[in-house]
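Chemist: Counting from 3, one number per residue, gives the positions in the sequence shown under the working numbering.
We treat Cβ as the ideally placed atom computed from N, Cα and C, and that holds for glycine.
Structure provided below as structure tokens; questions to follow.
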Amino acid sequence: MGGSRSAEAARQEAMLDGINREHNREKSRLTEQWERLTGILYGTIMGFLGTLGFLYIISDVLLRPQSATDLVGCSCQYALGGGAVAPGGSYPQAQIISSKCAQQLHKYLVKQYDHDVKTAIASARAYFDTYPRQANASQTIVLDIDETALSNRAEWLTALEDIRGGGIVPSLQGHALEPLRATMAPALQPMLDLYTDLYKAGFSVTFITGRRDYGMGREATAKNLEAAGYGVPCSRTLGEAQRAERPQQEPCYVALGMRSEGDQRLASVYKPNQRAQLQEKGYEIVASFGDQWSDLAGTSAAVASFKLPNPCLTENVKYEVVARMLSAGDYIPSSSARHPKQTHARDQIEFQIC
């Protein structure tokens, strides 16, 4: 009897042991299958992520915009290709532009340009907020005109709309100096607001432009400045302005420097000469504003120079770090202000547009 119970117990124990072994084998099989499945899933996910990373790198290298605003591709920067400039010029007179470039430039002008202008002007305001001396009429601010005091963005947008199909563009040089059209450019509003505030603070203001003085150029430009809100030439001499208790009620400008007939100098030579003439008359140039390097470069430089964004993208990639810094609103003290290209008289090429 006892032997029968022992045999039954042994049989049941063997059966349970077999069941446990089978359960463990099944568990091991399922575990192995799960590990294979998770390995496959992990590999698939990592492969997918790797593919995305690769595509991101490729798109970053090939498609990522290279301009200071990260909106316009480097392929659209005509400055990269250089361009021979005729005497008296500061930019190529013609360029080839693709429909892609036209779309990118259009997008920049619509979405980013205003922000970049405001950023640059904000840095100038911050500079003058901490200006260490009392302003007076002998301390002058020098302004370029096109894309600095005045804006030709509407004309640019129209031109870009016209050539979005691609092709050769005879000229994308900004505002043409035809007598009628030259009176129509609106103010670049943040610059006009700063101009008014600086004038009220006691500084004088001077314009130096590459526009031509002969024909109706001066009359048309003066009308444009007045219509845009920059006032008229000041009626007082420097001595009279210094003796006056307060500036004239309405903003006015000291001078309107323009190219005379036959002036064939490069902009990077012509504009420093204009600044030197101001200094000879007793003015201290405390700040300069311009959208091109040649507006700020050279001798007789301002104490601080402020580079506004140029929708034509004049910056050379070789100096993109400087361009990015400037587009972020930093200013260049005169001790470190350098044109990023040679300006010796023997050099006949300036890589700029507009």
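Mapping DSSP to helix, strand and coil, what is residue 299?
Modeler: Walking along the sequence shown from the start, residue 299 turns up at place 297. Residue 299 falls in the coil class under three-state DSSP.
Chemist: Got a sec, what are the start and stop residues for the alpha helix (DSSP H) residue 200 sits in?
Modeler: Taking the first residue of the sequence shown as position 1, residue 200 is located at position 198. Note, residue 200: alpha helix (DSSP H), 191–203.
Chemist: CB-CB under 8 Å to residue 8, same chain, minus the five flanking residues each way: which ones, in chain order?
Modeler: The count along the sequence shown starts at 1 and reaches residue 8 at position 6. Within the same chain, residue 8 has no close Cβ partners at all.
Chemist: For my contact list, residue 291 and residue 193 are in at a C-beta cut-off of 8 Å; report their separation, rounded to the angstrom.
Modeler: On the sequence shown, position 289 is the one that residue 291 refers to. On the sequence shown, position 191 is the one that residue 193 refers to. About 7 Å; that satisfies the 8 Å criterion.
Chemist: Going by Cα to Cα distance, which pick from 137, 263 and 35 is closest to residue 199?
Modeler: Here residue 199 is taken as the residue at index 197 of the sequence shown, counted from 1. Looking at the Cα atoms, 137 is the closest of the given residues.
Chemist: Under a three-way DSSP split, which group does residue 80 fall into?
Modeler: Taking the first residue of the sequence shown as 1, we reach residue 80 at position 78. Model confidence at residue 80 stands at a pLDDT of 44, short of 50, so the residue's coordinates are unreliable; what they give is reported in the following sentence. Residue 80: helix per DSSP, three-state reduction.
Chemist: Taking the C-alpha atoms as reference points, what is the distance between residue 54 and residue 207?
Modeler: Indexing the sequence shown from 1 puts residue 54 at position 52. Indexing the sequence shown from 1 puts residue 207 at position 205. Distance between residue 54 and residue 207, taken at the CA atoms: about 54 Å.
Chemist: Measuring straight from C-alpha to C-alpha, what distance separates residue 146 and residue 52?
Modeler: To locate residue 146, count along the sequence shown from 1; it is residue 144. To locate residue 52, count along the sequence shown from 1; it is residue 50. Cα to Cα, residue 146 sits roughly 50 Å from residue 52.
Chemist: By the three-class DSSP mapping on this structure, what secondary structure does residue 1 have?
Modeler: Residue numbering for the chain in the displayed model covers 3 to 356; residue 1 lies beyond these limits and cannot be assessed.
Chemist: Measure the beta-carbon distance from residue 283 to residue 240 and round it to whole angstroms, keeping in mind my assumption that it falls under 8 Å.
Modeler: Numbered from 1 along the sequence shown, position 281 holds the residue referred to as residue 283. Numbered from 1 along the sequence shown, position 238 holds the residue referred to as residue 240. Rounded, the Cβ-Cβ distance is 7 Å, consistent with contact.
Chemist: Tell me, which residues are paired with residue 210 by DSSP?
Modeler: What you label residue 210 is simply residue 208 of the sequence shown in a count that begins at 1. The partner list for residue 210 (beta bridge, DSSP) reads 259.
Chemist: Check whether chain C comes within 8 Å of residue 125, counting only Cβ atoms and requiring the distance to be less than that.
Modeler: Among the chains of the structure shown, chain C does not appear; only one protein chain is present.
Chemist: Does DSSP classify residue 21 as helix, strand or coil?
Modeler: For this step, residue 21 is matched to residue 19 along the sequence shown. It is helical.
Chemist: Quick test of your reading: residue 289 and residue 126, contact by CB under 8 Å. State the CB separation rounded to the nearest angstrom.
Modeler: Translated into positions along the sequence shown, residue 289 becomes position 287. Translated into positions along the sequence shown, residue 126 becomes position 124. About 7 Å separates the two Cβ atoms, so the contact holds.
Chemist: On the DSSP letters alone, give me the boundaries of the alpha helix (DSSP H) that residue 278 sits inside.
Modeler: Numbered from its first residue, the sequence shown carries residue 278 at position 276. Taken as a continuous stretch (DSSP letters only), the alpha helix (DSSP H) holding residue 278 covers 269–282.
Chemist: Write down the C-beta distance between residue 149 and residue 312 rounded to the nearest angstrom, noting that I regard them as a contact closer than 8 Å.
Modeler: Residue 149 sits at position 147 when you count from the first residue of the sequence shown. Residue 312 sits at position 310 when you count from the first residue of the sequence shown. So it is a contact: roughly 6 Å between Cβ atoms.
Chemist: Within the present structure, is the beta-carbon of residue 230 separated from the nearest heavy atom of the ligand SAM by less than 7 Å?
Modeler: Judged by which ligands are present, the structure shown has none, so any question about the ligand SAM falls away.
Chemist: Less than 8 Å between C-beta atoms, sequence neighbours within five positions excluded: which residues of the same chain meet that for residue 230?
Modeler: Numbered from 1 along the sequence shown, position 228 holds the residue referred to as residue 230. Same-chain partners within the cutoff: 151, 152, 187, 188, 189 and 194.
Chemist: Based on the DSSP secondary-structure assignment, which residues constitute the bridge partners of residue 146?
Modeler: Within the sequence shown, numbered from 1, the residue matching residue 146 stands at position 144. For residue 146, which the question treats as bridged, DSSP gives no partner whatsoever.
Chemist: Helix or strand or just coil, what does DSSP make of residue 141?
Modeler: By one-based count along the sequence shown, residue 141 stands at place 139. Note: residue 141 maps to strand in three-state DSSP.
Chemist: Taking residue 285 as the reference, give the member of 296, 256, 264 and 306 with the closest Cα.
Modeler: Residue mapping note: residue 285 aligns to position 283 of the sequence shown, counting from 1. Residue 285 has its Cα closest to that of 256, out of 296, 256, 264 and 306.
Chemist: Rounded C-beta distance between residue 209 and residue 162? I'm assuming under 8 Å.
Modeler: By 1-based counting over the sequence shown, the position of residue 209 is 207. By 1-based counting over the sequence shown, the position of residue 162 is 160. Wrong, their Cβ atoms sit about 27 Å apart, outside the cutoff.
Chemist: Do you know offhand how far residue 34's Cα is from residue 42's?
Modeler: As a working note, residue 34 is residue 32 in the sequence shown. As a working note, residue 42 is residue 40 in the sequence shown. Rounded to whole angstroms, residue 34 to residue 42 spans 12 Å at the Cα level.
Chemist: Rounded to whole angstroms, what is the Cα-Cα separation between residue 25 and residue 17?
Modeler: Walking along the sequence shown from the start, residue 25 turns up at place 23. Walking along the sequence shown from the start, residue 17 turns up at place 15. Each residue's Cα considered, the two are about 12 Å apart.
Chemist: Pull up the DSSP beta-bridge partners for residue 235, would you.
Modeler: Within the sequence shown, the letter at position 233 stands for residue 235. Beta-bridge pairing links residue 235 to 255.
Chemist: Hey, quick one: how far does the alpha helix (DSSP H) through residue 101 stretch, first residue to last?
Modeler: Translated into the one-based positions of the sequence shown, residue 101 becomes position 99. Element bounds for residue 101: 101–113.
Chemist: Quick check: the Cα distance between residue 237 and residue 142, rounded to an integer number of angstroms?
Modeler: Position 235 of the sequence shown, counting from 1, holds the residue named residue 237. Position 140 of the sequence shown, counting from 1, holds the residue named residue 142. CA-CA distance, residue 237 to residue 142, rounds to 16 Å.
Chemist: If you follow the beta strand (DSSP E) that residue 219 is in, where does it begin and where does it stop?
Modeler: Here residue 219 is taken as the residue at index 217 of the sequence shown, counted from 1. Per DSSP, residue 219 belongs to no beta strand (DSSP E); it is in the alpha helix (DSSP H), 219–230.
Chemist: If you compare alpha carbons, which of 234, 202 and 261 is closest to residue 212?
Modeler: Residue mapping note: residue 212 aligns to position 210 of the sequence shown, counting from 1. The shortest C-alpha separation from residue 212 is found at 261.
Chemist: Who pairs with residue 29 in a beta bridge, going by DSSP?
Modeler: Looking up residue 29 in the sequence shown gives position 27. None, per the DSSP bridge assignment.
Chemist: Evaluate residue 144 with the Cβ neighbour count: other Cβ atoms within 10 Å of its Cβ, from every protein chain shown; 16 or more gives buried, anything less gives exposed.
Modeler: If you number the sequence shown from 1, residue 144 lands on position 142. By the 10 Å Cβ count, residue 144 comes out buried.
Chemist: I need the straight-line Cα distance from residue 409 to residue 109, nearest angstrom please.
Modeler: As displayed, the chain neither begins before 3 nor continues past 356, which places residue 409 out of reach and without an answer.
Chemist: Helix, strand or coil: which one does DSSP assign to residue 310?
Modeler: To locate residue 310, count along the sequence shown from 1; it is residue 308. Three-state result, residue 310: coil.
Chemist: For residue 253 and residue 133, what's the separation of their Cα atoms in angstroms?
Modeler: Indexing the sequence shown from 1 puts residue 253 at position 251. Indexing the sequence shown from 1 puts residue 133 at position 131. In a straight line, the C-alpha of residue 253 is about 21 Å away from that of residue 133.
Chemist: Taking a contact to mean a Cβ-Cβ separation below 8 Å, would you say residue 234 touches residue 228 in this structure?
Modeler: Taking the sequence shown and counting its residues from 1, one reaches residue 234 at position 232. Taking the sequence shown and counting its residues from 1, one reaches residue 228 at position 226. Yes. Within cutoff.
Chemist: Tell me which residue opens and which closes the beta strand (DSSP E) that residue 288 is part of.
Modeler: Looking up residue 288 in the sequence shown gives position 286. Unbroken beta strand (DSSP E) run through residue 288: 286–292.
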